[in-house]
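Visitor: Questions regarding the structure given below will be posed in turn.
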Amino acid sequence: GISKWYELFTPRQLLALLTFTKWVRRIEEVLRNIGYEENLIKAIVTFLALIHSYLSNFLSTVCRWQNNWEVTTATFSRQAIPMTWDFSEINTITSLEGWSTILRWTTYVIKEYSSKNISVQKDIIRASATELPYTNNFFDAIITDPPYYDNISYAALSDFFYVWLKRSIGHLYPEHFSGELTPKKKEIIADAKRHGSREKARRFYEEMMEKSLGEAWRVLKPNSPMVLIYAHKTTAGWSTLVEALRKSGFVIQEAWPIHTERPGRLLEIGSSALASSIFLVARKRERGKIGS
Numbered sequence: 001g002i003s004k005w006y007e008l009f010t011p012r013q014l015l016a017l018l019t020f021t022k023w024v025r026r027i028e029e030v031l032r033n034i035g036y037e038e039n040l041i042k043a044i045v046t047f048l049a050l051i052h053s054y055l056s057n058f059l060s061t062v063c064r065w066q067n068n069w070e071v072t073t074a075t076f077s078r079q080a081i082p083m084t085w086d087f088s089e090i091n092t093i094t095s096l097e098g099w100s101t102i103l104r105w106t107t108y109v110i111k112e113y114s115s116k117n118i119s120v121q122k123d124i125i126r127a128s129a130t131e132l133p134y135t136n137n138f139f140d141a142i143i144t145d146p147p148y149y150d151n152i153s154y155a156a157l158s159d160f161f162y163v164w165l166k167r168s169i170g171h172l173y174p175e176h177f178s179g180e181l182t183p184k185k186k187e188i189i190a191d192a193k194r195h196g197s198r199e200k201a202r203r204f205y206e207e208m209m210e211k212s213l214g215e216a217w218r219v220l221k222p223n224s225p226m227v228l229i230y231a232h233k234t235t236a237g238w239s240t241l242v243e244a245l246r247k248s249g250f251v252i253q254e255a256w257p258i259h260t261e262r263p264g265r266l267l268e269i270g271s272s273a274l275a276s277s278i279f280l281v282a283r284k285r286e287r288g289k290i291g292s
């Protein structure tokens, strides 16, 4: 019966989350009046918005009680918004998943990393995998976790957090929060509803994966590895990926199954969970050279 986003929350939860949103915005004004430097203000407010985002995961009508651990589960105990048959609500301030605890964890991590004086340069950019802003033969290695065919609607699920982040820090990052919701048209998943049929969705996924892997081929140095982490239960999911790899000019050299889920999480998710992911190690094949 849920057809509107706000219906995922009780009136009390909405009030709490909107109140936290208001104070995240208010803190920015306070810090500026005190005389904090702009980049520091942006960093502090961003961390507070991420704490708010984490809190929202434990403050919806989808949260339920997990009796073996005696805790409230998150909205996203798996990559979906499920129908649940019971309902558990946290204390937004003092509970294990409340604001005070999350703030304490966050400041602890910041202090730990700051004390280690980690100076490795990290460049994080937002770009399309089909149009990478790098020159040919740029990377020594590429490690990627591509979309798992039709398993997860990443952009649609991200809207749950996007709407809150847009309200708290959207004005600080207008390039990332310009839309009302997350962009979905070019998302590389095999969504039959979005494309009209399973065959059209499969074809779209394969074509877009071929384009993105072709870009990976272009920016990867010769004899350098590309590692893909992939998991799917169907032959269709695997065949489209393998075909995209072949067409883009890669040769799979090794495949390693690795357990990626903790046993407790498998019990939470149920029979739909995959206990292992496959790590595929591929290298560039010279264009035009295919063994007989």
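Quick note: the sequence shown uses this note's numbering, first residue 1, plus one each step. Even for Gly, the Cβ is constructed at its ideal location relative to N, Cα and C. All figures in this text were calculated on a predicted structure; none of them were measured in a lab.
Decide if Glu28 is buried, meaning its Cβ has at least 16 other Cβ atoms within 10 Å, or exposed.
Guide: buried
Visitor: Using three-state DSSP, classify Lys111 as helix, strand or coil.
Guide: Per DSSP, reduced to three states, the secondary structure at Lys111 is helical.
Visitor: Is DSSP giving Glu180 helix, strand or coil here?
Guide: coil
Visitor: Determine the direct distance from the alpha carbon of Gly35 to that of Leu266, and round the result to whole angstroms.
Guide: Residue confidence for Leu266 is low, a pLDDT of 43 falling below 50, so the modelled location carries little weight; the figure read from the coordinates is stated next. When rounded, the distance between both Cα atoms is 49 Å.
Visitor: Taking 9 Å as the cut-off, decide whether the C-beta atoms of Phe204 and Asn57 are in contact.
Guide: It is not a contact, given that the beta carbons lie outside the stated cut-off.
Visitor: What are the boundary residues of the beta strand (DSSP E) that Ala282 is part of?
Guide: Ser276 to Lys284
Visitor: May I ask which residues mark the beginning and end of the beta strand (DSSP E) holding Ala253?
Guide: Here residue 253 is Gln; the residue named in the question, Ala, does not match the sequence. Phe250 to His259 is the span of the beta strand (DSSP E), which, as asked, contains Gln253.
Visitor: For Val45, tell me which candidate among Ser128, Ile169, Ile229 and Leu213 has the shortest Cα-Cα distance.
Guide: That would be Ile169, whose Cα lies nearest to the Cα of Val45.
Visitor: Taking Cβ positions, are Trp164 and Leu17 nearer each other than 9 Å?
Guide: yes
Visitor: Please state whether DSSP places Trp23 in a helix, a strand or coil.
Guide: Of the three classes helix, strand and coil, the one that applies to Trp23 here is helix, per DSSP.
Visitor: Look at Thr61 and Glu7 and say whether their C-beta atoms are less than 9 Å apart.
Guide: A contact, by the Cβ cut-off of 9 Å.
Visitor: Just to confirm my understanding: we take Val251, look at its own chain, exclude 5 residues before and 5 after, and list those with CB closer than 7 Å. What are they?
Guide: Excluding sequence positions up to five before and after Val251, its CB lies within less than 7 Å of the CB of Ala282, Arg283 and Arg285, all in the same chain and listed in chain order.
Visitor: Nearest-angstrom Cα distance between Thr75 and Leu59?
Guide: 8 Å
Visitor: Looking only at C-alpha atoms, which of Glu243, Trp65 and Ser277 sits nearest to His259?
Guide: It is Ser277.
Visitor: With DSSP collapsed to three states, give me the class of Thr144.
Guide: strand
Visitor: Tell me the rounded alpha-carbon separation between Val227 and Phe279.
Guide: 7 Å
Visitor: Any idea what DSSP makes of Trp85, helix, strand or coil?
Guide: coil
Visitor: What did DSSP end up calling Tyr230 once you bin it into helix, strand or coil?
Guide: strand
Visitor: Quick one: give me the first and last residue of the alpha helix (DSSP H) that Tyr6 is part of.
Guide: Premise fails: Tyr6 is in no alpha helix (DSSP H) and is neither H nor E.
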